[in-house]
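Numbering (UniProt numbering), first residue to last: 1 to 263.
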Amino acid sequence: MATPKIRSKTSTSQKSNHAPERKAAPKPKRFKSAYSKAEMEEIFRRFSVQRPEPKGELEHVNPFTLVVAVALSAQATDAGVNKATRALFKVADTPEKMLALGEEGVTQYIKTIGLYRNKAKNVIALCRMLIDEFGSQVPRTREELIRLPGVGRKTANVVMSMAFGIPTLAVDTHVFRIANRLLMAPGKTPDEVEENLLKVIPDQYLFHAHHWLILHGRYCCKARKPECERCVIADLCRSPEKTVDVPAPLVELPQQLIGEPVE
1 MATPKIRSKT STSQKSNHAP ERKAAPKPKR FKSAYSKAEM EEIFRRFSVQ RPEPKGELEH
61 VNPFTLVVAV ALSAQATDAG VNKATRALFK VADTPEKMLA LGEEGVTQYI KTIGLYRNKA
121 KNVIALCRML IDEFGSQVPR TREELIRLPG VGRKTANVVM SMAFGIPTLA VDTHVFRIAN
181 RLLMAPGKTP DEVEENLLKV IPDQYLFHAH HWLILHGRYC CKARKPECER CVIADLCRSP
241 EKTVDVPAPL VELPQQLIGE PVE
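In structure tokens form, the structure reads like this:
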């Protein structure tokens, strides 16, 4: 009679304890700008000569009206928002006054702006939160600002910069386009572009960088057809769409006129 083979407990244990080999996690793709550090410094130096004190073009009278204006500007032009809020802010420049108008009251002022019903709802909810949780004061931190209804990261960054002088970089459609078109800090999302821009913009120019890029995109490097002949960085630009290699004369532009005269 054949003796049955006894399996070794040691070998069984070794096999069962043998963990499968794990694949190494892929390394994150390293971002690389098309410009050297010196070139980025020269780009923003020229922007600073062209517009020494760039300003946002949304009309406001205090941090509260700025939050409302920026929240209303989503998928709308600054000019369109200014036209609507000029009368609104005359009668409601605090959370309490805005709340007293109610959703329907706010709607009557902003109905020329896209998505006005949802925006009016958010404005009223924003006012309630400011009153109930922040003593009617606009908070200064990004974490607190983005808790407000209708306020995202871009709005929070704009408010931090314009209302409180905190260097931030808000990525709107103009900044997103410029960063990608010029290969300055390409990214698939606004957050990715923001992260990449913060890596390449020289620290001394960060405070105004948001407005310089917006104004460059709004008035020169336009969405449909860039006006390269008017561009002060045409010689440095790496955009495949570039049509001119000679930069426009580097002169200070006339002072910005924000909005229209209030009647």
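Note that beta-carbon positions come from the ideal geometry of N, C-alpha and C, so glycine has one too.
{"Asked": "Limits of the alpha helix (DSSP H) - the one that M98 falls within", "Found": "P95 to I110"}
{"Asked": "For Y219, three-class secondary structure by DSSP", "Found": "helix"}
{"Asked": "Exposed unless 16 or more other CB atoms sit within 10 angstroms - verdict on E241", "Found": "exposed"}
{"Asked": "Residue span of the alpha helix (DSSP H) that contains D78, given as start and end", "Found": "D78 to V91"}
{"Asked": "Range of the contiguous alpha helix (DSSP H) that encloses H60", "Found": "Looking at the DSSP string, H60 is not in any alpha helix (DSSP H), and its letter there is neither H nor E."}
{"Asked": "Within 9 Å, strictly: CB atoms of L130 and F89", "Found": "no"}
{"Asked": "Contact set for D93: own chain, Cβ-Cβ below 6 Å, skip 5 residues either direction", "Found": "V61 and T65"}
{"Asked": "Rounded separation between E59 and T85 - CA only", "Found": "8 Å"}
{"Asked": "Between the CA atoms of E96 and Y219 - distance to the nearest angstrom", "Found": "37 Å"}
{"Asked": "Spatial distance of S48 from W212 (CA atoms)", "Found": "8 Å"}
{"Asked": "Cα-Cα separation, K37 to G114", "Found": "40 Å"}
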